[in-house]
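Here is the structure we will look at, set down as structure tokens.
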Amino acid sequence: MEQEFSSILLETAVAELSRLPGVGRKTALRLALHILRQDESAGVSLGEAIINMRRGVKYCSVCHNISETEVCPICSSEVRDKSTVCVVESVKDVMIFENTRQFNGVYHVLGGVISPMDGIGPDQLEINSLVERVNAGDVKEVILALSATMEGETTNFYIFRKLGSTQVKITQLARGVSVGNEIEYTDEITLGRSLLNRTLFSDSFNSGVL
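One gets the working numbering by counting positions in the sequence shown from 1 and adding 283 to each.
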């Protein structure tokens, strides 16, 4: 049985909040009532912050990470190694790898992984733009840093095949990241070590991992 509201404005706010991931109607109502209890300025500041974020944040035209400029600060940095590209699933993964402070290259955000069960195929990801970056000739190494799940491994293999005709070195995270684990649930120390001790992706075939 759905909660009945005495205010259309409150009902609208709850409906919008409940569209957020992991937020049900009860949680949305609790959040909305909390905002109502605060000073009006607090609610206005929250609303303005969300509007400014939505209008001001875009995606980098090179790596697809979030940015407030056409090209993100990582891609435009003069001190980053642009010959080494770390391929990740999401923007959140970029933040996680940056927190390890063990990587000085650049990134490429796919925007997901291949998952037929969820209706996500290669054409819905930023794989073709990765191939274009490699074909441009400046990239020497591509690090496949996707989660060690079935979907992540499938995507790794697909990218490996797509880049098979190039001369780029293709590596993957060392097996410090357990099979079945997602990047966001791996601690920074383990992730940093896995990045530093990365191995050739082709070695996976010889070891029987794939």
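Virtual Cβ for every residue (Gly too), placed ideally from N, Cα, C.
In chain order, what residues of the same chain have a beta carbon less than 8 angstroms from the beta carbon of residue i, not counting five sequence neighbours either side?
i, result
"T454", "E424, V425, I426, L427, R481, T482, L483, F484"
Taking only the alpha-carbon atoms, compute the straight-line gap between residue i and residue j and give it to the nearest angstrom.
i, j, result
"D386", "F380", "Checking the sequence, you will find Phe at residue 386 rather than Asp. Rounded to whole angstroms, F386 to F380 spans 7 angstroms at the Cα level."
"D322", "L329", "11 angstroms"
"A325", "N348", "29 angstroms"
"Y342", "C355", "8 angstroms"
"S360", "G388", "10 angstroms"
"R320", "V451", "57 angstroms"
"R302", "C369", "32 angstroms"
"S373", "I357", "15 angstroms"
"G307", "I291", "18 angstroms"
"I334", "V327", "10 angstroms"
"E409", "S289", "46 angstroms"
Once you ignore the five residues that flank residue i on each side, which residues in its own chain have a CB closer than 6 angstroms to its CB?
i, result
"L474", "T383"
"E353", "S344"
Whose CA, out of the options, lies closest to the CA of residue i?
i, options, result
"S412", "C358, V392, S430, S398", "V392"
"E351", "D421, R337, F443, I291", "R337"
"Y390", "R363, A419, Q407, N335", "R363"
"Q407", "G394, L479, G435, H317", "G394"
"G402", "I334, E434, R476, V345", "E434"
"C365", "G305, N335, V345, H317", "Correcting the residue identity first, residue 365 is Lys in this sequence and not Cys. Closest option to K365, Cα to Cα, is V345."
"T432", "V377, G305, L456", "L456"
Mind checking whether residue i and residue j have CB atoms under 8 angstroms apart?
i, j, result
"A311", "L293", "no"
"Y441", "P399", "no"
"V396", "L446", "no"
"T367", "N418", "no"
Have a look at the DSSP bridge pairing and note the partners of residue i.
i, result
"I442", "Answer by DSSP bridge pairing: none, since I442 is not bridged."
"T454", "I426, L483"
"D364", "G388"
If you drop the 5 nearest sequence neighbours on each side, which residues of the same chain put their C-beta closer than 7 angstroms to that of residue i?
i, result
"A315", "L293, A296, V297, L300"
"F443", "I453, F484"
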